[in-house]
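Colleague:
There are 2 protein chains.
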Amino acid sequence: MQDRTPSGAGDMLLYLTDEQLRQGIEAMFFAYRGFTADPDRLLARRGLGRAHHRAIHFIQRSPGTTVGNLLATLGVTKQSLNRVLRRLINDELVATRTGNTDRRQRLLYLSEEGLALERALSEAQKRRMRAAYRAAGPEAVAGFRLVLDQMMDPAQRRLFRALSRGGGA
Amino acid sequence: MQDRTPSGAGDMLLYLTDEQLRQGIEAMFFAYRGFTADPDRLLARRGLGRAHHRAIHFIQRSPGTTVGNLLATLGVTKQSLNRVLRRLINDELVATRTGNTDRRQRLLYLSEEGLALERALSEAQKRRMRAAYRAAGPEAVAGFRLVLDQMMDPAQRRLFRALSRGGGA
DNA sequence: TCTTTTATGTCAGTGTTGTTGACTTTCCAA
DNA sequence: TTGGAAAGTCAACAACACTGACATAAAAGA
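Note that the protein sequences, when read in sequence, are chains R and P.
One point on numbering: in the working numbering, the residue at position 163 of the first sequence is 438, and numbering is uninterrupted.
One point on numbering: in the working numbering, the residue at position 126 of the second sequence is 401, and numbering is uninterrupted.
1) Name the chain P residues whose beta carbon is nearer than 7 Å to that of Pro-413 of chain R?
2) At the 9 Å Cβ level, is Arg-358 of chain R part of the contact set with chain P, yes or no?
3) Determine which residues share a DSSP beta bridge with Val-369 of chain P and list them.
4) For Val-342 of chain R, collect the residues of the same chain with a Cβ closer than 6 Å to its Cβ; drop the 5 residues on either side in sequence, then sort them by chain order.
5) At what residues does the alpha helix (DSSP H) containing Leu-296 of chain P begin and finish?
6) Identify whether Thr-341 of chain P lies in helix, strand or coil by the three-state DSSP scheme.
7) Between Ser-355 of chain R and chain P, is any beta-carbon pair separated by less than 9 Å?
8) Given Gln-335 of chain R, which residues of its chain have a CB within under 6 Å of its CB, disregarding the five upstream and five downstream residues?
9) Going by the beta-carbon positions, is the gap between Ala-407 of chain R and Gly-418 of chain P smaller than 9 Å?
10) To test your reading of the DSSP string, which unbroken beta strand (DSSP E) runs of 3 or more residues are found completely within the stretch 388–420 of chain R?
11) Quick check: is the beta carbon of Leu-345 of chain P nearer than 9 Å to any beta carbon in chain R?
12) Per DSSP, what kind of secondary structure is Met-276 of chain R in: helix, strand or coil?
13) Please state whether DSSP places Gln-431 of chain R in a helix, a strand or coil.
14) Could you check where the alpha helix (DSSP H) with Arg-216 of chain P kicks off and where it finishes?
15) Whole angstroms are fine: how far does the CA of Leu-423 of chain R sit from the CA of Phe-310 of chain R?
16) Using a beta-carbon distance cut-off of less than 8 Å, what residues from the stretch 374–404 of chain R approach chain P?
17) Let me make sure I understand the geometry here. Which of P:Leu-390, P:Arg-432, P:Leu-317 has the alpha-carbon closest to that of Leu-349 of chain P?
18) Where does Asp-377 of chain R fall in DSSP's three states?
19) Apart from the five residues on each side of it in sequence, which residues of its chain come closer than 7 Å, Cβ to Cβ, to Glu-388 of chain P?
20) Using a 10 Å radius around the Cβ and a threshold of 16 neighbouring Cβ atoms, would you call Arg-403 of chain P buried or exposed?
21) Just how far apart, CA to CA, sit Arg-358 of chain R and Leu-289 of chain P?
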């Protein structure tokens, strides 16, 4: 139980031992901290947080997206998102336009300043991702992506794939 | 810029494309949500949060560890950790003993109930990790671990490796 | 047209988790 | 014996999530 899965004593599935799984869990924890460290520093200077980063990221990803769309992507309540968006609009990082076909909708865009911030944030994050990818090599990257994909909830995986395909506005 | 790294137009490094990097970033975001979803549900029933989970996890990992040790591992302030520990001790999930050589230290242990909760939490998390690992296969897992390792800050990587080697009390 | 549903916004209250700053107690070690 | 490290605590604050209730505008359907 300390060292092996209960399933079998002598199997070949070393990568499925309890110890391996526990290490995977801890690796995710420490890696995610590294993953968010650089953007967090940049955001802190402006008094913004991770929630703002996420909103900015997905608006850049899908310019003209709606509030409801963003709500589904981020998986938070509208009250929570609204607080974040209000701040971003107030700081003139995000601009809104009324929907063309449906005038209830607010279509979300990044301003010039918002785009600049998004670039700074994603550059920092991509720099680290690139370094990690380069050090680990293409096959490791393929494996990394495979495992991450399997770790998502099915609903999130659909969302992720839709974004990857379309850029999905 | 939409599709390729600026570095070269015709290189073979498809996995270092801006689009690939951006997808990696989003995959991390969605996967981490999946990664924490099951424990979050269990914790919510008791009115506990992720911070309590992290403390419980690392106390289980290194029984008899000190507060200062935990502080360094978790990377939060002592005020923040203290609030979390106070709750866990009050709920009798964590017990403390005075240090043997240094009587200022509080050595941290999980109670029976704490151990039971830890098992429930890690079982849920390992179940998902195991499913992901199994679906992705051993080579993907090796790659996954390689990339995660590269994504950590150097200081965190040292911490992680010390934990992986020793169980490190 | 009238009604219902949808998209969005907003107010109030609450809770977790993090922060800084200030201060105290305990106690090891020089 | 004194300096400093380990730990605890109080207060204040902020980010970010939640629930619940209510408001408004516009689309959609009867």
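Every residue, glycine too, gets a C-beta built ideally from N, C-alpha and C.
Here the structure is a predicted model, which means the values were calculated and not measured.
Modeller: Looking at the coordinates:
1) As a first step, residue 413 of chain R must be located in the first sequence, where it is residue number 138. Within chain P, the residues placing a beta-carbon under 7 Å from that of Pro-413 of chain R are Tyr-290, ordered along the chain.
2) Stepping through the first sequence from its first residue, residue 358 of chain R is reached at position 83. Cβ-Cβ to chain P under 9 Å: no for Arg-358 of chain R.
3) The sequence position of residue 369 of chain P within the second sequence is 94, counting from 1. P:Leu-385, per the DSSP bridge assignment.
4) Residue 342 of chain R sits at position 67 when you count from the first residue of the first sequence. The residues are Arg-381.
5) Locating residue 296 of chain P in the second sequence gives position 21, counting from the first residue. It spans 293–321 - the alpha helix (DSSP H) in which Leu-296 of chain P sits, taken as one unbroken run.
6) Within the second sequence, the letter at position 66 stands for residue 341 of chain P. Residue state, collapsed to three classes: strand.
7) As a working mapping, residue 355 of chain R is identified with position 80 in the first sequence. For Ser-355 of chain R, not one C-beta of chain P is nearer than 9 Å to its own C-beta.
8) Position 60 of the first sequence, counted from the first residue, corresponds to residue 335 of chain R. Cβ neighbours of Gln-335 of chain R beyond the five flanking positions: Leu-385, Glu-393.
9) Translated into the one-based positions of the first sequence, residue 407 of chain R becomes position 132. Translated into the one-based positions of the second sequence, residue 418 of chain P becomes position 143. No, these two residues do not count as a Cβ contact at 9 Å.
10) With a minimum length of 3 residues, no continuous beta strand (DSSP E) run stays inside the stretch 388–420 of chain R.
11) Position 70 of the second sequence, counted from the start, is the residue given in the question as residue 345 of chain P. Leu-345 of chain P has a beta carbon lying at 9 Å or more from every beta carbon in chain R.
12) Translated into the one-based positions of the first sequence, residue 276 of chain R becomes position 1. Its pLDDT being 43, under 50, Met-276 of chain R is placed unreliably by the model, and the measurement read from it follows with that caveat. The answer is coil: DSSP assigns Met-276 of chain R none of H, G, I, E or B.
13) Numbered from its first residue, the first sequence carries residue 431 of chain R at position 156. In the structure shown, Gln-431 of chain R sits in a helix (DSSP, three-state: H, G or I).
14) Any property of residue 216 of chain P remains undetermined from this structure, which presents chain P solely from 276 to 444.
15) Numbered from its first residue, the first sequence carries residue 310 of chain R at position 35. Numbered from its first residue, the first sequence carries residue 423 of chain R at position 148. The alpha-carbon of Phe-310 of chain R is positioned some 14 Å away from that of Leu-423 of chain R.
16) Going along the stretch 374–404 of chain R in chain order, one finds Ser-397, Gln-400, Lys-401, Arg-403, Met-404 with a Cβ nearer than 8 Å to chain P.
17) Residue numbering aside, residue 349 of chain P sits at position 74 when the second sequence is read from its first letter. Nearest to Leu-349 of chain P by C-alpha distance, out of P:Leu-390, P:Arg-432, P:Leu-317, is P:Arg-432.
18) The sequence position of residue 377 of chain R within the first sequence is 102, counting from 1. Three-state result, Asp-377 of chain R: coil.
19) As a working mapping, residue 388 of chain P is identified with position 113 in the second sequence. Annotation for Glu-388 of chain P: Glu-367, Leu-368 place their beta carbon closer than 7 Å to its own, counting only its chain and skipping 5 residues before and after.
20) In the second sequence, the residue the question calls residue 403 of chain P occupies position 128. Buried, by the Cβ-count rule.
21) As a first step, residue 358 of chain R is located in the first sequence; it is residue number 83 there, counting from the start. As a first step, residue 289 of chain P is located in the second sequence; it is residue number 14 there, counting from the start. Distance between the alpha carbons of Arg-358 of chain R and Leu-289 of chain P: 39 Å.
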